[in-house]
Amino acid sequence: MGDQASLEVAAFFDVDGTLTRTTVLHPLVWYQRARLSRLRFLAWFAGLCLQVPGYILLDRKDRAAFTRRFYHRYRGLDAADVRRYHEAALSETVLPRIYPDAAKQIDWHRSQGHQLILVSGGIDLTLRPLAEHLHAAQLLCVKLAERDGILTGELATPPMIQSEKARAMQNCPGIDLGRSYAYGDSISDAPMLEAVGNPRAVNPDSRLRRLAESRGWPILMWNRK
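For the sequence shown, the working numbering begins at 51 and goes up steadily by one.
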């Protein structure tokens, strides 16, 4: 009983689409736009656009395969440079895209003494600045492999998706999941929502909405302004 009472309550937030109006594509696009000449960026971006339909289809079929294929695009980039860019550009890129209602919810959790933990299929290099800005206790996400400071395009950790999110949450020390909260927007977030006692479906896709309604989970509609 005493051990249970000493455990803390956490608020687990999915990032893309839940906390922020972003996708996993945004950080790479922002970085390439900053480092490449205009013509080179336009050529690179055109190539990306040609692959987007394939990415969408692959994501629907096998999110783990999509994750590995997309992050292969980071191959050859300097890890420290990617990190520095996202630290410097945070106020121009990510912060304006945080849902105001999400910020208010985080403030409420802080007032209750809850730990903020970000859970994302994004990568550490691009998410760490946001986690530090929000004073998150932990960041559960993907890490990319490096060789001599250069990204190899391979994953150093499993894709942070679906049941992997729930496993990572369950491995967080000192957290009472039964009293904790989780926020997600996609059916792929269902395992992380099911892992806690207080799940919240945020701007849910149709499948997550149906699941939330069947389970009696609160559905939150967060506006852009």
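The beta carbon of each residue, even a glycine, is placed where N, CA and C say it ideally should be.
* Asked: Three-state secondary structure (DSSP) at R118?
  -> helix
* Return the CA-CA distance between L258 and I237, expressed in angstroms with no decimal places. => Cα to Cα, the separation comes out at about 5 Å.
* If P249 and W272 are in contact, beta carbons under 8 Å, what's the gap, nearest whole angstrom? -> No, P249 and W272 are not in contact; Cβ-Cβ is about 15 Å, not under 8 Å.
* If you draw a straight line from the alpha carbon of R225 to that of A60, how long is it in whole angstroms? -> Correcting the residue identity first, residue 225 is Ile in this sequence and not Arg. One C-alpha to the other measures close to 7 Å.
* Helix, strand or coil for A195, going by three-state DSSP, please let me know. => strand
* **Beta-carbon gap between G234 and T68 smaller than 8 Å** => yes
* **Distance between A96 and A84 (C-alpha atoms, nearest Å)** => Going by the C-alpha atoms only, they are around 16 Å apart.
* Among D131, Y105 and T143, which residue has its Cα nearest to the Cα of R119? -> Y105
* Using beta-carbon positions only, say whether L78 and Y124 come within less than 8 Å of one another. => yes
* Asked: With respect to the beta strand (DSSP E) encompassing T202, which residues constitute its N-terminal and C-terminal limits?
  -> I200 to L205
* Asked: Mind checking E214: buried by the 16 CB within 10 Å criterion, or exposed?
  -> buried
* **Cβ-based burial, T73 [other Cβ within 10 Å; buried from 16]** => Under this definition T73 is an exposed residue.
* For Q212, which option in D112, R71, K193 and Q101 has the closest C-alpha, if you only look at C-alpha atoms? -> Measuring C-alpha to C-alpha distances from Q212 to each of D112, R71, K193 and Q101 identifies D112 as the nearest.
* Asked: Hey, quick one: how far does the beta strand (DSSP E) through D66 stretch, first residue to last?
  -> Element bounds for D66: n/a, residue is neither H nor E.
* To do: To the nearest angstrom, report how far apart W80 and C99 are at their CA atoms.
  => 14 Å
* Asked: Can the beta-carbon of L166 be found closer than 8 Å to that of L145?
  -> no
* To do: Using the DSSP secondary-structure output, state which residues sit across from R250 in a beta bridge.
  => Y233
* Asked: Just to confirm, are A232 and A245 a CB contact at a threshold of 8 Å?
  -> yes
* Roughly how many angstroms separate the alpha carbons of M51 and L86, rounded to a whole number? -> Unreliable placement is indicated for M51, whose pLDDT of 38 sits below 50; the coordinate value is still reported in the next sentence. Going by the C-alpha atoms only, they are around 58 Å apart.
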